[in-house]
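Undergrad:
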Amino acid sequence: MKGEKIEFKEDFVRQAAENFYASSHSVDFTNSETGKLMAKWVSDNTNGTISPTIEADANQILSILSTIYFYDEWINRFDKDKTKEDGFYLSNGNEVKTDFMNQTFGSARFSKGDGFVRASLALKNAGKMIFILPDEGISPYELITSPQGMKQTFEGGENFNGEVAWKIPKFSFESKLKLNNILKILGVNSAFTADADFSGITENMAYITDVQQETHIAIDENGVEAAAFTQIDYAGAALPEDRADMILDRPFIYGITAENGSLLFVGICENPAE
2 MKGEKIEFKE
12 DFVRQAAENF
22 YASSHSVDFT
32 NSETGKLMAK
42 WVSDNTNGTI
52 SPTIEADANQ
62 ILSILSTIYF
72 YDEWINRFDK
82 DKTKEDGFYL
92 SNGNEVKTDF
102 MNQTFGSARF
112 SKGDGFVRAS
122 LALKNAGKMI
132 FILPDEGISP
142 YELITSPQGM
152 KQTFEGGENF
162 NGEVAWKIPK
172 FSFESKLKLN
182 NILKILGVNS
192 AFTADADFSG
202 ITENMAYITD
212 VQQETHIAID
222 ENGVEAAAFT
232 QIDYAGAALP
242 EDRADMILDR
252 PFIYGITAEN
262 GSLLFVGICE
272 NPAE
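Just so we're aligned, residue 2 is where the sequence shown starts under my numbering, counting upward by one.
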């Protein structure tokens, strides 16, 4: 395949543009500059929050890059004068110091479920950021080990209205994952072998070699910023029921939703000081 020009079906290119708003670029994967151009495209489309190192492979015939960038502000911003340093307790029991944002709402909605309390903060563009605090002694991972657990954690529990006291660590971190094995566990197997059928894309033999994802998320007193880039290469204590203390001083789960309620980002904050 090295140096050989590959033809892609017009219907694939057209549908990619019409249905996924994708742009198509003809590149030379034998040229080392191609990886730099791809990395620049990712950086430009995530407002500079993700700047991956991408190395083009001479055996590649296609690379699909997708990005999502999200920025929004809290409807009720946190007062920076109330941000104070305090301790966050890691899963291993160690304590790290970090800055916590503080705010209390006299009347807000929250939910209590089996092993967790959940509440959210509204964002200006109609979405929200959900925070799920596991009960003492429960790991965040225990709550979301299955699709049923994930659904229960994000949607289940009994709903209440009352005072909600927030104490949220400021954090900013990135992650980089290789998704090949995860996809295979989910049943996507033949796509990674020479038996793969991508005839809807090209008449040339093609199969997936790599699926990688990088993410970035940051929250502060003003709001939340998050981004994701995916590359696919072919070749607490008991409280009154009308009150919730969202004291996020131990590992917790978070999610960001769009206006229609769809989850855009989901993560676990293990150590906000990293």
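For each residue, glycine too, the CB sits at the ideal point set by N, CA and C.
Every value quoted in this text rests on a predicted model; they were computed, and no experiment measured them.
Please classify E275: does DSSP put it in a helix, a strand, or coil?
TA: Locating residue 275 in the sequence shown gives position 274, where the first residue counts as 1. Here E275 sits in coil by DSSP.
Undergrad: Tell me the DSSP secondary structure of K10 in three-state form.
TA: Here residue 10 refers to the residue found at position 9 when the sequence shown is read from its first residue. Reduced to three states, the DSSP call for K10 is coil.
Undergrad: Do you know whose CA, among R251, E222, I131 and G262, lies nearest G138's CA?
TA: Against the sequence shown, residue 138 aligns to sequence position 137. Checking every option, the nearest Cα to that of G138 belongs to R251.
Undergrad: Quick check on DSSP: helix, strand or coil for S173?
TA: On the sequence shown, residue 173 is found 172 positions in, with the first residue counted as 1. Looking at S173 - three-state DSSP - the assignment turns out to be strand.
Undergrad: What does the alpha-carbon distance come out to for the pair I76 and F132?
TA: In the sequence shown, residue 76 corresponds to position 75, counting from 1. In the sequence shown, residue 132 corresponds to position 131, counting from 1. About 16 Å.
Undergrad: Rounded to whole angstroms, what is the Cα-Cα separation between D312 and Y255?
TA: The chain is shown from 2 up to 275; residue 312 falls before or after that span and cannot be answered.
Undergrad: Going by C-alpha distance, which of R78, F30, M151 and S140 is nearest A59?
TA: As a working mapping, residue 59 is identified with position 58 in the sequence shown. A59 has its Cα closest to that of F30, out of R78, F30, M151 and S140.
Undergrad: Please report how far the alpha carbon of N182 lies from the alpha carbon of T68, in whole angstroms.
TA: Locating residue 182 in the sequence shown gives position 181, counting from the first residue. Locating residue 68 in the sequence shown gives position 67, counting from the first residue. The straight-line gap from Cα to Cα measures roughly 21 Å.
Undergrad: For T258, which residues does DSSP report across the bridge?
TA: Looking up residue 258 in the sequence shown gives position 257. For T258, which the question treats as bridged, DSSP gives the partners K129 and L264.
Undergrad: Check whether the segment 36 to 52 and the segment 226 to 235 touch, using three or more Cβ-Cβ pairs below 8 Å as the test.
TA: Output reads yes: the segment 226 to 235 touches the segment 36 to 52.
Undergrad: Going by DSSP, name the residue or residues bridged to M102.
TA: Here residue 102 refers to the residue found at position 101 of the sequence shown. I169.
Undergrad: Per DSSP, what kind of secondary structure is F79 in: helix, strand or coil?
TA: One-based indexing of the sequence shown puts residue 79 at position 78. Three-state DSSP puts F79 in coil, outside helix and strand.
Undergrad: So is Q214 in contact with chain B if we call contact Cβ pairs under 8 Å?
TA: The structure shown has no chain B; it contains just one protein chain.
Undergrad: Going by DSSP in three states, Y208 sits in which element: helix, strand or coil?
TA: Numbered from its first residue, the sequence shown carries residue 208 at position 207. Looking at Y208 - three-state DSSP - the assignment turns out to be coil, as it is neither helix nor strand.
Undergrad: Which whole-angstrom value describes the C-beta separation of A274 and F79, a residue pair presumed to lie in contact below a C-beta threshold of 8 Å?
TA: Position 273 of the sequence shown holds residue 274. Position 78 of the sequence shown holds residue 79. With a Cβ gap of about 18 Å, A274 and F79 do not count as contacting.
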